[in-house]
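Heads up, the thing below is written out as structure tokens.
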Amino acid sequence: MSKEFIIEFKNPFNFEGNEHKSVDLSGIENLTTGDLIKADGQFGEIGQFAVMNEMTTGYACIVASQASGKPVEFFQQLPAVEGVKLKRLVMGFFNS
Numbered sequence: 000m001s002k003e004f005i006i007e008f009k010n011p012f013n014f015e016g017n018e019h020k021s022v023d024l025s026g027i028e029n030l031t032t033g034d035l036i037k038a039d040g041q042f043g044e045i046g047q048f049a050v051m052n053e054m055t056t057g058y059a060c061i062v063a064s065q066a067s068g069k070p071v072e073f074f075q076q077l078p079a080v081e082g083v084k085l086k087r088l089v090m091g092f093f094n095s
């Protein structure tokens, strides 16, 4: 588990009755191009469009879901400040 892919939450986050203090996205390193194609499809299915998908919060939530195994709703319900951390981490990974 690489600490660079762990998002520590400012405050504990409750999702479906469970408290979370962080989320591990280290699985992002193991995603395949096929996973990204699936993410692109999911992004389009929810009515989203972007010239560069990886620059959007919605796409970051989908990729984070794939990387962590948590449902996309987990990421969509994060407080905004945590969503920005998530977006920056995913964008940083793809743009490194």
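Numbered by numbering that gives the first Met the number 0, the letters in the sequence shown go through residues 0 to 95 in order. Here a beta-carbon is modelled for each residue, glycine too, at the ideal position from N, C-alpha and C.
Item, Value
"Candidates 68, 62, 69 and 17: closest to residue 87 by CA position", "62"
"Backbone CA spacing between residue 12 and residue 77 [nearest angstrom]", "7 Å"
"Where residue 69 sits in the DSSP three-state scheme", "coil"
"For residue 18, three-class secondary structure by DSSP", "strand"
"Residue(s) in a DSSP beta bridge with residue 7", "21"
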